[in-house]
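If you count by numbering that gives the first Met the number 0, then the sequence shown holds residues 0 to 302, one letter each, in order. For every residue, glycine included, the Cβ atom is placed at its ideal position computed from N, Cα and C.
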Amino acid sequence: MALAVMLLNGASFHGGCCRHKVLPSLLGPLLSNSKLYSSYRRPGAEPKKKLSWQNADFSFKKGIDYLKTQLSLLKKETQDYLQGPGGHPLSQHLLEQTRVLWQFRSQEDLNKWVISSDVEIGGKSKVYIKLGRNNQGALLYGTLNTEAPRDGETKYSGYCSMRSRPAVGSFNRKKYYDWSNFNTLYLRVRGDGRPWMVNIYTDPYFSHQKDDLYSYFMFTRGGPYWEEIKIPFSKFFFSSRGRVQDNQHPVWLDKASFLTLGFTIGDKVDGPFQLEIDFIGLLNDRAHREEFAYETYDKNTPV
């Protein structure tokens with residue numbers, strides 16, 4: 000601050016008439032209340048009377064309680080790690096053929112998921128989620144509307160989705176799903192005959208990979224009966240920003256890639272939809288030996 004004031008007092012320009020106009024305009028944001036951000040606010044909005052850090056609740060008791068909670072979670076994670084993969088003995092892990100990842104029996108189970116629709120881009124689709132009859136399963140329902148928003152930019156609209164929240168460990172660390180011991184996604188659902196897209200989101204290493212995902216179709220037959228759907232991971236294809244990529248590769252099933260799982264409907268048919276999900280699990284199908292269902296090749300083949 001003192002250095003900036005010395006620059007203002009010691010600077011000189013030809014004619015000496017512009018010194019008091021040019022330098023304050025350049026260094027003004029740095030000298031006004033020592034803020035390094037813009038002071039712009041929306042028209043009609045009241046100016047902030049307090050800084051952001053002044054609104055924080057500095058409670059010593061809450062800090063101690065939070066520390067105790069996180070340390071207990073860390074203790075449990077350490078015990079599970081020492082016991083074996085996923086908190087199970089190694090022998091059980093190697094012989095495991097099925098595993099239930101998500102089942103819906105309470106509101107707490109629903110809170111592990113997030114729903115969204117094209118309302119985020121100005122669309123008119125609606126989506127809701129609630130527990131099914133007798134608290135058995137999750138009921139995802141709503142209305143699909145393909146009318147594009149009149150903003151002059153968006154050309155297509157009409158989608159609704161359901162996505163799991165990223166798992167969080169102690170001290171808000173990211174937890175990843177290790178599905179390397181399985182080769183098939185196993186679901187028990189009851190739909191209305193409309194197709195869905197099953198999406199696997201990964202945690203990218205680079206920022207330009209944040210829109211990468213692996214997808215495959217799930218076709219529901221409708222009717223009053225439940226159906227069990229098995230989707231091999233070898234069927235999932237790679238896409239980025241809604242476009243299927245030429246360079247395909249299998250899904251990495253190790254714990255360094257998986258972050259969330261989601262379901263999306265966007266079949267361009269206006270009207271109501273519903274999907275009931277009893278559970279989502281994994282299956283190790285010994286009869287399935289396919290490694291990857293799509294052709295992999297080098298686009299620039301050496302001569």
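Of the listed residues the options, nearest to residue i (C-alpha basis)
{"i": "Gln244", "options": "Gly221, Asn110, Val188, Glu294", "result": "Glu294"}
{"i": "Phe291", "options": "Tyr204, Phe235, Ile276, Thr145", "result": "Phe235"}
{"i": "Asn133", "options": "Glu275, Leu66, Ala166, Ile120", "result": "Glu275"}
{"i": "Gln102", "options": "Phe278, Asp284, His287", "result": "Phe278"}
{"i": "Tyr224", "options": "Val197, Ser214, Gly190", "result": "Gly190"}
{"i": "Tyr213", "options": "His248, Leu66, Asp108, Arg220", "result": "His248"}
{"i": "Gln69", "options": "Asp266, Val167, Arg240", "result": "Val167"}
{"i": "Gly136", "options": "Pro165, Thr145, Ser105", "result": "Ser105"}
{"i": "Ser169", "options": "Arg98, Pro84, Leu66, Arg288", "result": "Leu66"}
{"i": "Arg164", "options": "Asp202, Asn283, Asn110", "result": "Asn110"}
{"i": "Arg288", "options": "Phe181, Val126, Gly122, Thr153", "result": "Phe181"}
{"i": "Thr145", "options": "Phe272, Asp266, Asn283, Asp284", "result": "Asp266"}
{"i": "Asp253", "options": "Pro84, Gly222, Lys74, Lys75", "result": "Pro84"}
{"i": "Phe237", "options": "Met196, Gln91, Gly62", "result": "Met196"}
{"i": "Asn283", "options": "Val99, Thr153, Pro203", "result": "Val99"}
{"i": "Leu258", "options": "Asn54, Met217, Thr201", "result": "Thr201"}
Beta-carbon proximity of residue i to residue j, cut-off 8 Å
{"i": "Gly151", "j": "Ser124", "result": "no"}
{"i": "Pro88", "j": "Gln82", "result": "yes"}
{"i": "Leu281", "j": "Trp178", "result": "yes"}
{"i": "Pro148", "j": "Ile120", "result": "yes"}
{"i": "Arg193", "j": "Ile264", "result": "yes"}
Residue burial classification, residue i (beta-carbon count within 10 angstroms, cutoff 16)
{"i": "Arg242", "result": "exposed"}
{"i": "Asp56", "result": "exposed"}
{"i": "Ala286", "result": "exposed"}
{"i": "Leu143", "result": "buried"}
{"i": "Tyr155", "result": "exposed"}
{"i": "Tyr296", "result": "exposed"}
{"i": "Gly261", "result": "buried"}
{"i": "Lys20", "result": "Low per-residue confidence applies at Lys20: pLDDT is 48, beneath 50, and the placement is therefore not dependable, though the value from the model is reported in the following sentence. Lys20 should be labelled exposed."}
{"i": "Gly270", "result": "exposed"}
{"i": "Val268", "result": "exposed"}
{"i": "Tyr215", "result": "buried"}
{"i": "Phe272", "result": "buried"}
{"i": "Gly62", "result": "exposed"}
{"i": "Gly122", "result": "buried"}
Other residues of its chain near residue i: CB distance less than 8 Å, five sequence neighbours each side excluded
{"i": "Leu25", "result": "Unreliable placement is indicated for Leu25, whose pLDDT of 45 sits below 50; the coordinate value is still reported in the next sentence. Nothing meets the Cβ criterion."}
{"i": "Gln78", "result": "Gly86"}
{"i": "Leu93", "result": "Asn180"}
{"i": "Glu76", "result": "Gly168, Ser169"}
Neighbourhood of residue i by C-beta, 6 Å cutoff - its chain only, sequence neighbours within 5 removed
{"i": "Leu139", "result": "Ile128, Met161, Leu274"}
{"i": "Gly131", "result": "Leu138, Glu275"}
{"i": "Val126", "result": "Ile114, Ser116, Gly141, Cys159"}
{"i": "Leu73", "result": "Ser169"}
Cutoff 7 Å; reference residue i; Cβ partners in own chain excluding five residues on either side
{"i": "Asp117", "result": "Ser124, Ser156, Gly157, Tyr158"}
{"i": "Val250", "result": "Ile199, Tyr213, Phe232, Phe235"}
{"i": "Arg240", "result": "Asp210"}
- Query: If we count Cβ pairs, one from each stretch, closer than 8 Å, do we get three or more for the region 208-228 versus the region 166-173?
  - Reply: Because the criterion of three Cβ pairs below 8 Å is not met, the region 208-228 and the region 166-173 do not touch.
- Message: Does the contact criterion of 3 or more C-beta pairs under 8 Å hold for the region 180-194 versus the region 221-239?
- Response: As far as the Cβ criterion goes, the region 180-194 touches the region 221-239, which means the pair count is three or higher.
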